[in-house]
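Engineer: Structure incoming, see below.
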Amino acid sequence: MSLEEGFKGLDSRSESGMTNEETKAALRKRMLSVRDSLNLEDRSQRDEMIKENLFSLAKLQAAACVMFFASFKTEPDTFPMIKRALDMKKVVVLPKVDREKHILEAYKINDLNSLKLGYMGILEPDSAQSEPIDGNSIDVIVMPGAAFDRAGGRLGYGGGYYDGFISALSKRPYLIAICYAEQVVPIVPVESHDVRVNKIVTDFEVIDVNG
């Protein structure tokens, strides 16, 4: 099935009575399958292109404090990005999941050796070696996701962690999504609580949503 056929299928199911959450789940499943099927031999080059596009942004260059994520499975490789930001002497923050409270917490890291396996097998800051930080001090958040649209709509992985974390801040950071070009879709079903991003950085372009 082509990507276009997949979206037609989602459209028809939406019209036949699927709820917004069901539509999201179907699109998420489809887009993760698309991402998983990308050519492995091309990934390192494409990850490098995403990194260069990201670090070309004035907002990223000017940011004193940047929150990244530790890439997992077939997400674009963020570890060279994290290392570069550390080399630039930026304050680098990574999220840590508090499973009991169902929230993200922000921790400053000094190097990649201060990470350990955490929620879902994702690397996250070791609280014994990292420093908790007020989320309101973060200038830029580099965000993952399953799919994005050109209006800044983001389809995450269904946990609502980023939406909750960002919505709780009194000072909203600048939000930059990174993904492969295939993950940019015509429309992402969003709800009022879903956070939109400011920019989307792919291996082939930078999509400027709202400055």
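Read left to right, the sequence shown gives residues -7 to 203 (the numbering used here). In this text, a Cβ means the ideal position worked out from N, Cα and C, and glycines have one as well. From a predicted model like this one, the values you see are computed outputs, not experimental measurements.
1) Among residues of its own chain, excluding the 5 on either side of Ala56, which ones have a beta-carbon nearer than 8 Å to its beta-carbon?
2) Just mark Gly9 as buried or exposed, buried being the case when its beta carbon has 16 or more other beta carbons within 10 Å.
3) Going by beta-carbon coordinates alone, are Asn128 and Ser162 separated by less than 7 Å?
4) Quick check: the Cα distance between Leu115 and Val89, rounded to an integer number of angstroms?
5) Looking at the secondary structure, which residues open and close the alpha helix (DSSP H) in which Glu92 lies?
6) To the nearest angstrom, report how far apart Gln175 and Leu167 are at their CA atoms.
7) How far does the alpha helix (DSSP H) with Ile158 in it extend, from its first residue to its last?
8) If distances are taken between C-alpha atoms only, which option among Phe140, Asp103, Gly113, Tyr99 comes closest to Glu123?
9) Assign Pro117 to one of three DSSP states: helix, strand, or coil.
10) With DSSP collapsed to three states, give me the class of Leu107.
11) Where do the ends of the beta strand (DSSP E) carrying Lys43 lie?
12) What is the DSSP secondary structure of Ala169, reduced to helix, strand or coil?
13) Helix or strand or just coil, what does DSSP make of Val198?
14) Can you tell me which of the three DSSP states Lys163 falls into?
15) Rounding to the nearest angstrom, what Cα-Cα distance links Ser48 and Val58 in this structure?
16) Less than 8 Å between the CB atoms is what I'm expecting for Ile199 and Arg142, so what's the real figure, rounded?
Structural biologist: This is what the structure holds:
1) Locating residue 56 in the sequence shown gives position 64, where the first residue counts as 1. Excluding positions up to five away in sequence, the list reads Lys82, Val83, Asp131.
2) As a working note, residue 9 is residue 17 in the sequence shown. Its Cβ having fewer than 16 others within 10 Å, Gly9 is exposed.
3) On the sequence shown, position 136 is the one that residue 128 refers to. On the sequence shown, position 170 is the one that residue 162 refers to. In this structure, Ser162 lies closer than 7 Å to Asn128 by Cβ.
4) Position 123 of the sequence shown holds residue 115. Position 97 of the sequence shown holds residue 89. Leu115 and Val89: Cα-Cα distance of roughly 10 Å.
5) Taking the sequence shown and counting its residues from 1, the one referred to as residue 92 is at position 100. Glu92 -> no alpha helix (DSSP H), and no H or E assigned at all.
6) Counting from one through the sequence shown, the residue named residue 175 turns up at place 183. Counting from one through the sequence shown, the residue named residue 167 turns up at place 175. Approximately 17 Å between the Cα atoms of the pair.
7) As a working note, residue 158 is residue 166 in the sequence shown. Run containing Ile158: 153 to 159, per the alpha helix (DSSP H) assignment.
8) Residue mapping note: residue 123 aligns to position 131 of the sequence shown, counting from 1. When each option's Cα is compared against that of Glu123, the closest is Tyr99.
9) To locate residue 117, count along the sequence shown from 1; it is residue 125. Correct three-state label for Pro117: strand.
10) The residue labelled residue 107 in the question sits at position 115 within the sequence shown. In this structure, Leu107 counts as strand in the three-state DSSP scheme.
11) Working through the sequence shown from its first residue, we reach residue 43 at position 51. It is not in any beta strand (DSSP E) - Lys43 instead sits in the alpha helix (DSSP H) that spans 32 to 47.
12) Position 177 of the sequence shown, counted from the start, is the residue given in the question as residue 169. Of the three classes helix, strand and coil, the one that applies to Ala169 here is strand, per DSSP.
13) In the sequence shown, counting from the first residue as 1, residue 198 sits at position 206. Strand at Val198.
14) Locating residue 163 in the sequence shown gives position 171, counting from the first residue. It is coil, neither helix nor strand.
15) Numbered from its first residue, the sequence shown carries residue 48 at position 56. Numbered from its first residue, the sequence shown carries residue 58 at position 66. Ser48 and Val58: Cα-Cα distance of roughly 15 Å.
16) The residue you call residue 199 lines up with position 207 of the sequence shown. The residue you call residue 142 lines up with position 150 of the sequence shown. Right, the Cβ-Cβ distance comes to about 6 Å (below 8 Å), so this counts as a contact.
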